[in-house]
Amino acid sequence: MAQAIAAIPIKLNLMMIKRRFLLKMMATMSGSIVLGKNMTSCSAASSPVSHRVSTSSFFMPDEGEPHLCTWMAFSASADIWGRQYFRDVQDDLARIAKAIVPYEPVKMLVRAEDYDIALAKCGSNVELIITQLDDLWIRDTGPVFVVDRKGQKAGIDFNFNGWGNKQYHDRDAQVAQFVAEQAGVTVIKTELVFEGGGIEVDGRGTALITESCILNENRNPGWSKTDCETELKALLGLRKIIWLPGIRGADITDGHTDFYARFARPGVVVAGYDPDPESPDHKVTKRHLEILESQTDADGNDLEVVVLEGPRKIRPGYDWQEFAAGYINFYVVNGAVIIPQFGDRQADRNGKETLGRLFGDRDIIQLNIDNLAAGGGGIHCTTQQEPLVGN
1 MAQAIAAIPI KLNLMMIKRR FLLKMMATMS GSIVLGKNMT SCSAASSPVS
51 HRVSTSSFFM PDEGEPHLCT WMAFSASADI WGRQYFRDVQ DDLARIAKAI
101 VPYEPVKMLV RAEDYDIALA KCGSNVELII TQLDDLWIRD TGPVFVVDRK
151 GQKAGIDFNF NGWGNKQYHD RDAQVAQFVA EQAGVTVIKT ELVFEGGGIE
201 VDGRGTALIT ESCILNENRN PGWSKTDCET ELKALLGLRK IIWLPGIRGA
251 DITDGHTDFY ARFARPGVVV AGYDPDPESP DHKVTKRHLE ILESQTDADG
301 NDLEVVVLEG PRKIRPGYDW QEFAAGYINF YVVNGAVIIP QFGDRQADRN
351 GKETLGRLFG DRDIIQLNID NLAAGGGGIH CTTQQEPLVG N
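So for the sequence shown, full-length UniProt numbering puts the first residue at 1; every next one is plus one.
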């Protein structure tokens with residue numbers, strides 16, 4: 001049955017909380033949380049409507065499969081992040097891009113007014129593409145790329161609605177369509193509202209998905225779990241979905257999968273656990289481990305579950321509880337894995353060594369992303385892989 005590597009207890013509640021700080025900051029800046037254009041209704045239909053393109057032959061590859069490139073968005077805007085803070089966030093984005101580009105091309109979306117600063121920070125090896133943007137989380141706003149056995153590629157537009165109309169998103173709602181057009185791929189339409197950070201697949205028919213995000217009235221009113229599962233299986237080429245509860249309303253994303261559990265490869269899941277009984281994440285991460293350790297993949301193979309400990313401490317100046325500290329939000333590129341480090345030498349070293357064992361044929365690159373983490377996100381949230389097909 002599944003095996004687990006025990007985590008060292010974490011004194012601070014740091015691991016899973018995502019983007020609550022940004023939500024609080026927005027309320028402080030404006031007096032109230034800025035909502036999307038449709039403030040009282042979700043953009044999803046009240047009942048499921050089948051996607052417009054037949055997707056029976058398409059599937060979402062594992063992130064570790066070869067990439068054509070990585071997509072990012074250089075849109076740390078002052079109106080969302082604060083005028084004293086957003087330039088530091090742009091530095092973190094540039095640091096991630098420059099870490100990736102030795103391994104694969106990076107295509108960075110940028111607003112026209114930010115082009116010169118993006119060029120200065122990212123360098124000429126990062127391709128800059130001008131478009132309109134609201135925010136930087138392209139894992140959620142961009143298309144989810146799928147491929148078929150014939151070498152065709154498409155991008156799914158999951159109708160980004162600002163994580164349930166929690167943030168304005170008129171421009172970001174167009175990012176999936178724009179990126180797909182730039183990539184020259186067919187856009188697959190669906191009435192389902194979802195984000196890429198909520199999806200984790202092994203590329204062989206198994207997915208991990210949190211109920212708290214997709215089974216939520218702020219995204220998909222009127223959709224049952226069966227409705228969502230049927231649509232996701234058709235869109236992503238899935239045979240089995242392992243449902244994790246997540247926590248609804250705990251952060252702006254309603255508990256994305258990519259901060260809880262990730263596939264290192266088919267059959268091997270890296271999962272977070274918060275051992276602090278006083279933490280709101282304790283019960284849910286314990287429940288996630290119980291579920292994962294009792295599950296098999298789509299082929300009936302037991303899952304090996306590796307529990308990756310988070311830091312006991314973080315660097316001075318960032319020690320609020322909402323800081324998104326944890327190593328689960330890593331990003332796999334051609335020949336490397338990009339992971340965060342938080343200033344806790346023992347935990348940072350353990351995170352690097354653990355992922356080094358799991359990804360033995362890849363370099364492990366650790367980066368300081370404290371400013372992004374203070375906004376509740378991580379490296380995976382800022383990236384979206386485009387698969388390489390035909391080779």
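Backbone N, C-alpha and C fix where the C-beta goes; we use that ideal spot for every residue, glycine too.
Treat the numbers as computed from the prediction; the structure is a model and nothing was measured.
Closest Cα partner of residue i within the set the options
| i | options | result |
| --- | --- | --- |
| THR257 | GLY377, TYR168, ILE129 | GLY377 |
| PRO143 | LYS189, ARG262, ASN371, THR296 | LYS189 |
| VAL333 | GLN384, GLY272, GLN346 | GLN384 |
| PRO105 | TRP137, ARG83, PRO66 | PRO66 |
| GLN295 | GLU309, GLY246, LYS240 | LYS240 |
| ILE365 | TYR103, TRP71, ARG87, PHE59 | TYR103 |
| PHE145 | MET72, PRO275, PHE59, LYS286 | PHE59 |
| LYS286 | ASP297, ASP299, GLY272, ALA298 | GLY272 |
| ALA250 | PRO277, VAL284, TYR85 | VAL284 |
| ASP363 | ALA99, TYR85, ARG345 | ALA99 |
| ASN159 | ARG219, GLN167, ALA183 | ARG219 |
| TRP81 | GLN167, GLN182, ALA94, GLN132 | GLN167 |
| ALA234 | ASP254, LEU244, VAL147 | VAL147 |
| SER75 | ALA325, ALA118, LEU68 | ALA118 |
| GLN132 | ALA261, SER77, LEU308, HIS380 | SER77 |
| PHE259 | LEU289, SER224, CYS381, VAL187 | CYS381 |
| ILE369 | CYS69, ASP92, PHE86 | ASP92 |
Residue i - DSSP class collapsed to helix/strand/coil
| i | result |
| --- | --- |
| SER32 | Here the model assigns SER32 a pLDDT of 29, short of 50, so the residue's position is not dependable, and the following value carries that caveat. Three-state result, SER32: coil. |
| ILE209 | strand |
| ARG262 | strand |
| ILE80 | helix |
| VAL389 | coil |
| ASP116 | helix |
| THR257 | helix |
| ALA336 | strand |
| THR70 | strand |
| PHE178 | helix |
| THR186 | strand |
| residue 404 | Because residue 404 is not part of the residues shown, which for the chain are 1 to 391, the question remains open. |
| LYS107 | strand |
| TRP223 | coil |
| GLN295 | coil |
| GLU217 | coil |
| ASP370 | helix |
| PHE323 | coil |
| PHE21 | In this prediction, PHE21 has a pLDDT of 39, which is less than 50 and means its spatial position is unreliable; what the coordinates show is noted afterwards. In this structure, PHE21 counts as helix in the three-state DSSP scheme. |
| ASP302 | strand |
| GLU229 | helix |
| GLU353 | helix |
| LYS240 | strand |
Assumed close pair residue i, residue j - CB separation to whole angstroms, cut-off 8 Å
| i | j | result |
| --- | --- | --- |
| ASP361 | GLY203 | Contact doesn't hold; Cβ gap of about 16 Å is too wide. |
| ALA207 | ILE242 | 7 Å |
| SER212 | ARG248 | 4 Å |
| VAL193 | GLY155 | Wrong, their Cβ atoms sit about 16 Å apart, outside the cutoff. |
| VAL126 | VAL101 | 6 Å |
| TYR331 | GLY310 | Their Cβ separation, rounded to whole angstroms, is 17 Å, which puts TYR331 and GLY310 out of contact at 8 Å. |
| ILE339 | LEU355 | 6 Å |
| ARG312 | ASP344 | 6 Å |
| ASP140 | GLY196 | 6 Å |
| LEU244 | HIS288 | 5 Å |
Rounded C-alpha distance that separates residue i from residue j
| i | j | result |
| --- | --- | --- |
| GLN152 | LEU388 | 10 Å |
| LYS352 | GLY222 | 43 Å |
| TRP137 | LEU236 | 21 Å |
| ILE130 | ASN165 | 25 Å |
| ASN371 | ASP134 | 18 Å |
| GLY267 | ASP302 | 7 Å |
| VAL306 | ASP116 | 43 Å |
| GLU191 | GLU200 | 20 Å |
| ASN350 | VAL270 | 13 Å |
| MET108 | THR210 | 28 Å |
| ASP114 | TYR318 | 26 Å |
| ASP170 | ARG111 | 14 Å |
| ASP348 | ALA373 | 15 Å |
| GLY64 | ALA336 | 9 Å |
| ARG149 | SER57 | 7 Å |
| ILE314 | PRO275 | 17 Å |
| PHE323 | ASP299 | 37 Å |
| GLY198 | GLU217 | 16 Å |
| TRP163 | ILE252 | 6 Å |
| GLU304 | GLN84 | 44 Å |
| residue 442 | ASP172 | Because the chain spans 1 through 391 in this model, residue 442 falls outside it and cannot be assessed. |
| GLY246 | ILE379 | 20 Å |
| PHE342 | GLU293 | 28 Å |
| GLY255 | ILE291 | 16 Å |
Contact test: residue i Cβ vs the ligand SAM heavy atom, cutoff 6 Å
| i | result |
| --- | --- |
| ARG262 | Among the components modelled here there is no ligand, and therefore nothing to report on the ligand SAM. |
Would you check if the region 227-238 and the region 175-182 touch, i.e. whether three or more CB-CB distances between them fall below 8 Å? no
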